[in-house]
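Visitor: Listed in order, the protein sequences are those of chains A and B. Quick note: the first sequence uses full-length UniProt numbering, first residue 1, plus one each step. Quick note: the second sequence uses full-length UniProt numbering, first residue 1, plus one each step. Just so you know, even glycine gets a beta-carbon here, dropped at the ideal spot from N, CA and C.
Number of protein chains: 2
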Amino acid sequence: MPFTQEEVETQLKKCEGWQLQEGRWIVRKYTFSSFMKGIAFVDEVAAISEAFKHYPFITIDYKTVTLRLTSQEEGGITAVDIKEAHQYNEAFEKMRSGE
Amino acid sequence: MPFTQEEVETQLKKCEGWQLQEGRWIVRKYTFSSFMKGIAFVDEVAAISEAFKHYPFITIDYKTVTLRLTSQEEGGITAVDIKEAHQYNEAFEKMRSGE
Numbered sequence: 001m002p003f004t005q006e007e008v009e010t011q012l013k014k015c016e017g018w019q020l021q022e023g024r025w026i027v028r029k030y031t032f033s034s035f036m037k038g039i040a041f042v043d044e045v046a047a048i049s050e051a052f053k054h055y056p057f058i059t060i061d062y063k064t065v066t067l068r069l070t071s072q073e074e075g076g077i078t079a080v081d082i083k084e085a086h087q088y089n090e091a092f093e094k095m096r097s098g099e
Numbered sequence: 001m002p003f004t005q006e007e008v009e010t011q012l013k014k015c016e017g018w019q020l021q022e023g024r025w026i027v028r029k030y031t032f033s034s035f036m037k038g039i040a041f042v043d044e045v046a047a048i049s050e051a052f053k054h055y056p057f058i059t060i061d062y063k064t065v066t067l068r069l070t071s072q073e074e075g076g077i078t079a080v081d082i083k084e085a086h087q088y089n090e091a092f093e094k095m096r097s098g099e
């Protein structure tokens, strides 16, 4: 069962930078100081999503990486999407604190 | 000076899989046997584009990686875009022959 819109919004209050889009995606844009740092982040994202076997839609537009998550087979946002979003944020914070 | 539409189309005849889109982008979708192989390809693409200091717009949708190139500052497609497209194709062929 996917979360209701209200449940998603409550979850996202504790998940920095993520927003609900079109009622069925959660989305965050991450900006980096260089293109190659954005690519290093995508490598981290890939390792996390491979562990979950649940893959975000990723776009790389120069120094900006956008991640979109949904649970298509469930028709909405589930706990897995929220859990992954938190892990991407942790990977981002770790990279940022290492700069 | 960007290429004319006819010049782009002539160039793309020799550049497998790339197509002109909306008159100002050249685009190719690459499909892989796994998500992580697509990510390995994106790492190759990143190294190539960093060498050119000219970056494609990249999307990763599970096993499909889409690259879009343009020379925004020139208002169209230039020789650099075509050269990069060839190098991405070479990286793709190299990965495929290594499987």
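Classify G76(B) as helix, strand or coil using the three-state DSSP reduction.
Guide: Walking along the second sequence from the start, residue 76(B) turns up at place 76. G76(B) falls in the strand class under three-state DSSP.
Visitor: Compile a chain-ordered list of the residues in the stretch 59-76 of chain A whose CB is closer than 7 Å to at least one CB of chain B.
Guide: Listed by position, the residues of the stretch 59-76 of chain A near chain B (Cβ gap below 7 Å) are T59, I60, D61 and Y62.
Visitor: Determine which residues of the stretch 33-49 of chain B have a Cβ less than 8 Å from any Cβ of chain A, and write them out in chain order.
Guide: F35, M36, I39, V42, D43, A46 and S49
Visitor: List the endpoints of the continuous beta strand (DSSP E) containing T10(B).
Guide: Locating residue 10(B) in the second sequence gives position 10, counting from the first residue. Premise fails: T10(B) lies in the alpha helix (DSSP H), Q5 to L12, not in any beta strand (DSSP E).
Visitor: So L67(A) and D81(A) are in contact, right, with Cβ under 8 Å, and what is the actual spacing, rounded?
Guide: The sequence position of residue 67(A) within the first sequence is 67, counting from 1. The sequence position of residue 81(A) within the first sequence is 81, counting from 1. About 10 Å separates the two Cβ atoms, so there is no contact after all.
Visitor: Which residues in chain A sit within 7 Å of F57(B), going by Cβ to Cβ distance?
Guide: Within the second sequence, residue 57(B) is the residue found at index 57, counting from 1. Going along chain A in sequence order, the residues near F57(B) (Cβ under 7 Å) are D61.
Visitor: Does the separation of the CB atoms of D43(B) and F57(A) fall below 7 Å?
Guide: Within the second sequence, numbered from 1, the residue matching residue 43(B) stands at position 43. Within the first sequence, numbered from 1, the residue matching residue 57(A) stands at position 57. Not a contact, by the Cβ cut-off of 7 Å.
Visitor: So, for F92(B): in the same chain, excluding its five sequence neighbours on each side, which residues have a beta-carbon less than 7 Å away from its beta-carbon?
Guide: Locating residue 92(B) in the second sequence gives position 92, counting from the first residue. Closer than 7 Å at the Cβ level, and outside the excluded window around F92(B), lie Y30 and F41.
Visitor: Skipping 5 residues on each side, what residues in its chain have a beta carbon closer than 6 Å to that of Y55(B)?
Guide: As a first step, residue 55(B) must be located in the second sequence, where it is residue number 55. Closer than 6 Å at the Cβ level, and outside the excluded window around Y55(B), lie S49.
Visitor: Work out the CA separation of A85(A) and Q87(B) for me, nearest whole Å.
Guide: Reading the second sequence from its first residue, position 87 is the one you call residue 87(B). Reading the first sequence from its first residue, position 85 is the one you call residue 85(A). Each residue's alpha carbon lies about 34 Å from the other.
Visitor: By alpha-carbon positions, which one of E90(A), C15(A), W25(A) and K14(A) ends up nearest to S71(A)?
Guide: For the purposes of this step, residue 71(A) is taken as residue 71 along the first sequence, with counting starting at 1. The option with the nearest alpha carbon to S71(A) is W25(A).
Visitor: Counting along the chain, where does the alpha helix (DSSP H) carrying F52(B) start and finish?
Guide: As a position in the second sequence, residue 52(B) is number 52, starting the count at 1. Its alpha helix (DSSP H) spans residues F35 to F52.
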